[in-house]
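Report on the following structure.
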Amino acid sequence: MTKEYDSAGRRAFLAGSAALGTAGLAGCTGLIGGEEETEENVFNQIGSGRAGRDQPGGTPMADLPDLEGELHIYSGRNEFLVGTLINSLVDMYDGFDVVGPRYNESSNLANQIAEEGAGTDADVFFTVDSAALGEVANEGLSRSLSDDVLEMVPQEFRTDQWVGTSGRIRTIPYNTDAFSESDMPTSIDAYTDFEGDLGWAPSYGSCQSFVTAMRLLEGEEATREWLEGVVDAGISAYNNEMAVCQAVADGEIDAGFTNHYYIQRVLEGSPDAPLDTVFTDGDAGATFDIAGATVIENTDVPDLAENFVRHLLSAEVQEYFAVETFEYPLIPEGNPVGELPTIPELDVPDIDPSELSDLQPTLDLMRSVEGINV
Numbered sequence: 332m333t334k335e336y337d338s339a340g341r342r343a344f345l346a347g348s349a350a351l352g353t354a355g356l357a358g359c360t361g362l363i364g365g366e367e368e369t370e371e372n373v374f375n376q377i378g379s380g381r382a383g384r385d386q387p388g389g390t391p392m393a394d395l396p397d398l399e400g401e402l403h404i405y406s407g408r409n410e411f412l413v414g415t416l417i418n419s420l421v422d423m424y425d426g427f428d429v430v431g432p433r434y435n436e437s438s439n440l441a442n443q444i445a446e447e448g449a450g451t452d453a454d455v456f457f458t459v460d461s462a463a464l465g466e467v468a469n470e471g472l473s474r475s476l477s478d479d480v481l482e483m484v485p486q487e488f489r490t491d492q493w494v495g496t497s498g499r500i501r502t503i504p505y506n507t508d509a510f511s512e513s514d515m516p517t518s519i520d521a522y523t524d525f526e527g528d529l530g531w532a533p534s535y536g537s538c539q540s541f542v543t544a545m546r547l548l549e550g551e552e553a554t555r556e557w558l559e560g561v562v563d564a565g566i567s568a569y570n571n572e573m574a575v576c577q578a579v580a581d582g583e584i585d586a587g588f589t590n591h592y593y594i595q596r597v598l599e600g601s602p603d604a605p606l607d608t609v610f611t612d613g614d615a616g617a618t619f620d621i622a623g624a625t626v627i628e629n630t631d632v633p634d635l636a637e638n639f640v641r642h643l644l645s646a647e648v649q650e651y652f653a654v655e656t657f658e659y660p661l662i663p664e665g666n667p668v669g670e671l672p673t674i675p676e677l678d679v680p681d682i683d684p685s686e687l688s689d690l691q692p693t694l695d696l697m698r699s700v701e702g703i704n705v
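Remember, my numbering sits 331 above the position in the sequence shown when you count from 1.
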């Protein structure tokens, strides 16, 4: 049964859920996937009827202050995904320019900001997981955001120092030529006895975060037994989760463990692929995590930096995350692409957010299981 969206446990989980995510993203198509620059500003194409979608809800950029000045962005989000977005914002405002951005792994950038301290060049840290945002905030290097920015998303997606900008949920992609939806278990524990070939990407950050959620929810011994179970069953390892989804669509394997957006990306390129999504119920297999942004404490342009974050929550940018990166928009008016449940309909686990960034025990556990390379 689906948990209530406003339950205390759910709020506690979602507020820190992105601490799970360190997923590097790859394998996109369209505006964000090509090597050539698009001449048209991406926002001119949003709301143009793609996939039958209406005009996006939320606060349009026309109602926000103009972006004006020079901004340094440290991005733990892949340039492959957000480069077009940032360039389109620069193109939209004559007086606005972004230096860089500086792209790197989110944990590396968090460490760099901490090492640079008051001397950092960063004005905004825009990244794929709130664990890194939390690290910067805990070092006293993040500014508190204004209420009008924070209130653009529900409270479960923000703290005083950072705000979530998009989300994703763990899913089970499966081959519809091999299995029907009714055949697919909705408990992650059942996949040790799954009557089909499975795939995963154990060296991938999002997979390791999923195992972390399982370790926190079920304990280390139960998680070890699960890991040993899927390995003994012959699960196939891939370099990334896009490859897992493609292998499912190609019939190479029957099902796998990935974030939801990889399924949508495969279907974007091959709409008739025998690929669909199933969710587990309230366990680690349905972990929800978020990307987000924070303003650096010692920025010389605090108003511009905060206004940039405000723009990330605009109707147009939230729709960009939906239709171009296939993530969940986090503003209440946003909806995901595809026949997916809305955020209030998701059944996610309750996890103490203070523990979610503790990945090292997970890596140690995974390395101790024969047959897992991380």
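Ideal Cβ placement from N, Cα and C applies to all residues, glycine included.
Under the Cβ criterion (8 Å, minimum of three pairs), the region 576–589 counts as touching the region 502–514. With a cut-off of 8 Å on Cβ pairs, the region 655–673 is in contact with the region 590–603, counting three or more such pairs.
Secondary structure at Asn506: strand, using DSSP grouped into helix, strand and coil. Collapsing the DSSP output to three states places Tyr424 in coil. Counting of Cβ neighbours within 10 angstroms places Pro387 among the buried residues, the total reaching 16 or more. Taking Asp394 as reference, the option from Asp454, Glu599, Arg641 and Thr543 with the minimal CA-CA separation is Arg641.
Close CB contacts of Phe639 within its chain, under the 7 Å cut and outside five residues either way in sequence, are with Leu398, Leu402 and Val455 (chain order). For Tyr651, the enclosing alpha helix (DSSP H) begins and ends at Ala646 to Val654. When the five nearest sequence neighbours on each side are left out, the beta carbons in the same chain lying within less than 7 Å of the beta carbon of Glu647 are those of Phe374, Ile377, Pro387, Pro391 and Met392, in order along the chain.
For the beta strand (DSSP E) assignment, the uninterrupted runs of no fewer than 3 residues enclosed by the region 588–672 are, from N- to C-terminal side, 606–609 and 619–626.
In the DSSP annotation of this structure, Thr490 is not part of any alpha helix (DSSP H), being labelled neither H nor E. With the rule of 3 Cβ pairs closer than 8 Å, the region 468–481 counts as touching the region 623–634.
Between the C-alpha atoms of Asp452 and Arg433 there is a straight-line separation of about 10 Å.
A direct Cα-Cα distance of roughly 7 Å separates Ala441 from Leu464.
For Val575, same chain residues with a beta-carbon under 8 Å away, outside a window of 5 residues either side, are Pro504, Gly530, Trp531, Ala532, Tyr569, Ile584, Gly587, Phe588, Thr589 and Tyr593 in chain order.
In this structure the region 600–611 does not lie against the region 552–571, because fewer than three pairs of beta carbons, one per stretch, are closer than 8 Å. Looking at Thr554, Asp528 and Thr611, the one whose alpha-carbon comes closest to that of Ala580 is Asp528. Here Gly407 is near Val459, since their CB atoms are less than 7 Å apart.
The Cβ atoms of Gly560 and Thr608 lie no closer than 7 Å to each other. The region 533–549 makes contact with the region 610–617; the number of CB pairs closer than 8 Å reaches 3 or more. Tyr535 carries a coil assignment under DSSP once its states are collapsed to helix, strand and coil. The three-state reading of DSSP puts Glu399 in coil, since its state is none of H, G, I, E or B. DSSP places Ser475 in the coil class of the three-state scheme, outside both helix and strand. When the five nearest sequence neighbours on each side are left out, the beta carbons in the same chain lying within less than 6 Å of the beta carbon of Gln649 are those of Gly389, Pro660, Ile662 and Gly665, in order along the chain.
Residue nearest to Gly400 within the set Phe510, Val467, Val430 and Gly414 is Val430 (criterion: CA-CA distance).
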